[in-house]
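See below for the structure under consideration.
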Amino acid sequence: VTTFLPSGIVTLTTDFGTADGWVGAMKGVCLRVERALVLVDVAHDVPPQDVACGAATLAVAAPEMPPGTTHLAVVDPGVGTARALLVVVAGGHAFVAPDNGLLDEVVPRLGAAAAWRIEAHAWLPAARSATFHGRDVLAPTAAALAAGRLRPEAVGPSVAWAPRPRDGDTIVVRYADRFGNLVTSLREPPPGGLVLPDGTRARLVRTYAEAKPGEVVALMGSDGYVELALRDGSAAASTGLTRGARLGDAP
Amino acid sequence: VTTFLPSGIVTLTTDFGTADGWVGAMKGVCLRVERALVLVDVAHDVPPQDVACGAATLAVAAPEMPPGTTHLAVVDPGVGTARALLVVVAGGHAFVAPDNGLLDEVVPRLGAAAAWRIEAHAWLPAARSATFHGRDVLAPTAAALAAGRLRPEAVGPSVAWAPRPRDGDTIVVRYADRFGNLVTSLREPPPGGLVLPDGTRARLVRTYAEAKPGEVVALMGSDGYVELALRDGSAAASTGLTRGARLGDAP
Amino acid sequence: VTTFLPSGIVTLTTDFGTADGWVGAMKGVCLRVERALVLVDVAHDVPPQDVACGAATLAVAAPEMPPGTTHLAVVDPGVGTARALLVVVAGGHAFVAPDNGLLDEVVPRLGAAAAWRIEAHAWLPAARSATFHGRDVLAPTAAALAAGRLRPEAVGPSVAWAPRPRDGDTIVVRYADRFGNLVTSLREPPPGGLVLPDGTRARLVRTYAEAKPGEVVALMGSDGYVELALRDGSAAASTGLTRGARLGDAP
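Residue numbers (the numbering used here), protein chains in the order written: chain U, 644 to 894; chain R, 644 to 894; chain X, 644 to 894.
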């Protein structure tokens, strides 16, 4: 669904942390556009400039929100360069984000997408900083969209949007979550389990509780990817594997 | 007060952290049930699977909320096992949480409690993951309760609820807070102070300012428990004491 | 503008962290005063008792909020001592905070200020703890102000307010942000760049992208202060500089 009927809900996903004032500045910009917007924090402790982790976070959270939600997402290592800023509509949701892969996980889950490059519109401030496009471009765009005062097609020219291609045959660790589970790139449960780089096999189980103490197992995670997990412990610490480590399908 | 008149406010307390998308997913589920719910973050950095810390956090925060609030609390090391999921009503508040001790501190503060085990109701999704009951069971139950579309007694059978028994005579460190204060299990100010495991005595003072530089003191904390504190420093780091350490009443 | 027309928005900025229940307790107190208040988290991971960092966070976030906003700010190492608690109105915003320098950055950005010391009013609880004035004094004051049920001049006697004097000629590192950028006390871009304590020069650039790999540069930050930055890295880690380090204007 590439039509967008705004509900007034704006989610925020950033790597800004929760010590500095940047998140608050973006919220202020939104509330200056429309006091009645509903601001919903998704996550602000995405590791700094970690676009892949931000993409995974958005993919877990955004599809659960009601259609009509506007998602303001800022993990933007390229701020100050020529990378585009986008509005992407998919599944009745609108995303406002830099064009750097941050939407690559979530948008394909929502179906067909339409996209526009943010160039100029009435809600942008005349003066913009070189280092904080989240506050100066993305936040006012998201707020005006969510408030129904700006249409996606009014932000700038229509552009083609597609996720960056991925190596579909390789199984890799995508990221470690807070509990030390290693979330992989595999979407189908591997009947024989997964083979770790050191040759050991992690068998497939259905819940954490089926694992033996100290055993690293593979199981289907709640967001649709296979995970490596250690019962009552951290699979990341136990295996030493990090982002990008290659895994094998067990025969 | 075991009647519940929902106000539309839902608080969230979890160990999910603020980097991943799980908190956002639960918020999305709530807003899909009812867009007008008011979502209030209490704390998401409860240490992973630390039920005792989560219980203390809830006990500090939840009683301050207005009656009619629904509290969604997820610290759930037993996800995937047979532990029950509960709705507990006390003091006009409703709690939606796993049955693992997470409510043991807060509910007794609010008076008589009534409880139900969540088994089946119209707001649960047909398909549920094995690893994320927060999103698939607890969030839709909390949202429907808060929106007044589900009554507590409609979630499943009534069950007896009581906090797990504790050793009432032993004084222990319950947890260290962010400032390094050691919160104990003692509710009455000890006139002679507390005796640490190494035999030193922490005298009782009324405010941090009464302590001498470098002196570990005992004082009544704002949530009704005696704390060990170090002025301008961390009592936890200074004493080396951790959760469960035993303390004595000074004669 | 020293008149205050409350909008019902309350922002929260604290050093309470996001594991314990204190933030939730303050939110509960606010919602008990008025359920329709809009609570906006600015930041809760200000380093414990770091008033200077809290002041910088407020200065970045608060001016972006719409006039009529009430800002509840609690970084309060002096709790339990005789330090005053204040309501300060500037630029149409109201601040409720301890009188310890926490407002020194933000209020001067908003123009003329009027201030009152909180002594007694109808919204304060009869019993107050010695250690949690955020919950017992500041939160009910902020909520009643934001709800339009209490006027600033009704909280206590009018007092003169001015920021603590600073050494205007010295350029120092004020704090390191989450990305390792070193935010300085300098408000004007130095044409010749900045000189670090070891004598090396950081040249002035306009965006992070103009820096060479590995080069520490000076640039105008989005909040109006000159920063030292390292492209794709942490200037704080690279230079070893910390809060208070002295810098020089390059000739």
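Every residue, glycine too, gets a C-beta built ideally from N, C-alpha and C. Nothing here was measured: the structure is a model prediction, and the numbers come from that model.
Segment limits, alpha helix (DSSP H) that includes residue i
i	result
Leu682/R	Where Leu682/R is concerned, there is no enclosing alpha helix (DSSP H), although the beta strand (DSSP E) it sits in stretches over Val681 to Ala686.
Thr784/U	Ala782 to Ala789
Val750/X	Val749 to Leu753
Ala668/R	Trp665 to Val676
Endpoints, the beta strand (DSSP E) within which residue i is located
i	result
Leu648/R	Leu648/R -> no beta strand (DSSP E), and no H or E assigned at all.
Pro741/X	His736 to Pro741
Val860/R	Val859 to Met863
Leu729/R	Leu728 to Ala733
CB-CB length for residue i against residue j, believed under 8 Å
i	j	result
Thr748/R	Val672/X	In the sequence as displayed, the identity of residue 748/R is Glu instead of Thr. So it is not a contact: roughly 19 Å between Cβ atoms.
Val859/R	Leu871/R	6 Å
Arg752/R	Ala790/R	Contact doesn't hold; Cβ gap of about 26 Å is too wide.
Leu589/U	Gly735/U	Since the first residue shown for chain U is 644 and the last is 894, residue 589/U is missing from the structure and cannot be characterised.
Gly723/U	Tyr851/X	5 Å
Leu674/R	Pro808/U	33 Å between Cβ atoms; not a contact.
Val730/U	Val798/U	5 Å
Val683/U	Ala787/U	Incorrect: roughly 17 Å between the Cβ atoms, too far for contact.
Ala773/U	Arg849/X	5 Å
Ala704/U	Ala668/R	5 Å
Own chain partners of residue i with C-beta closer than 7 Å, once the 5 adjacent residues on each side are dropped
i	result
Val780/R	Leu728, Ile761, Leu767 and Arg771
Val732/X	Thr645, Phe647, Ala756, Ala757 and Pro795
Thr712/U	Ser650, Ile652, Thr654 and His736
Asp866/U	Ala702 and Val703
Thr700/U	Thr656, Val685, Ala686 and Val689
Thr813/R	Arg889
Per-residue DSSP class, three states only, for residue i
i	result
Asp892/R	strand
His764/U	coil
Trp759/X	strand
Arg821/R	coil
Met708/U	coil
Gly876/U	strand
Ala716/U	strand
Ala900/U	The structure shown does not extend to residue 900/U, since chain U spans only 644 to 894, so no value can be given for it.
Val816/X	strand
Ser801/U	strand
Ala845/U	strand
Val644/R	coil
Glu796/R	helix
Glu831/X	coil
Val869/R	strand
Thr885/U	coil
Val722/R	coil
Val689/R	coil
Close beta carbons around residue i, own chain, < 8 Å, minus the five adjacent residues each side
i	result
Gly876/U	Gly823 and Gly857
Tyr868/X	Arg817, Val826, Thr827, Ser828, Leu829 and Arg830
Leu793/R	His764, Ala765, Trp766, Thr784 and Ala787
Cut-off 6 Å between Cβ atoms - residues of its own chain near residue i, not counting five sequence neighbours on either side
i	result
Asp892/X	Pro833
Gly887/X	Val815
Trp665/X	Phe659
His776/U	Val722
Asp742/U	Arg726, Ala727 and Leu729
Pro720/R	Gln692
Pro800/U	Arg760
Phe738/R	His714, Val731 and Leu746
Flag this pair as touching only if the segment 685 to 693 of chain X and the segment 653 to 661 of chain X have three or more C-beta atom pairs under 8 Å; answer yes or no. Output reads yes: the segment 653 to 661 of chain X touches the segment 685 to 693 of chain X.
Determine, using beta-carbon pairs with one atom in the segment 806 to 825 of chain U and one in the segment 695 to 705 of chain U, whether at least three such pairs fall under 8 Å. Cβ pair count under 8 Å is three or more, so yes.
So, does the segment 880 to 892 of chain U touch the segment 773 to 791 of chain R, judging by three or more C-beta pairs under 8 Å? At 8 Å Cβ cutoff, the stretches do not touch.
When you compare the segment 712 to 721 of chain R with the segment 835 to 847 of chain R, are there three or more beta-carbon pairs, one atom per stretch, that lie closer than 8 Å? Judged by Cβ distances under 8 Å, the segment 712 to 721 of chain R makes no contact with the segment 835 to 847 of chain R, as fewer than three pairs qualify.
Decide if the segment 798 to 806 of chain U is in contact with the segment 734 to 751 of chain U; the criterion is three or more beta carbon pairs, one per stretch, under 8 Å apart. Flag = yes, the segment 798 to 806 of chain U and the segment 734 to 751 of chain U touch.
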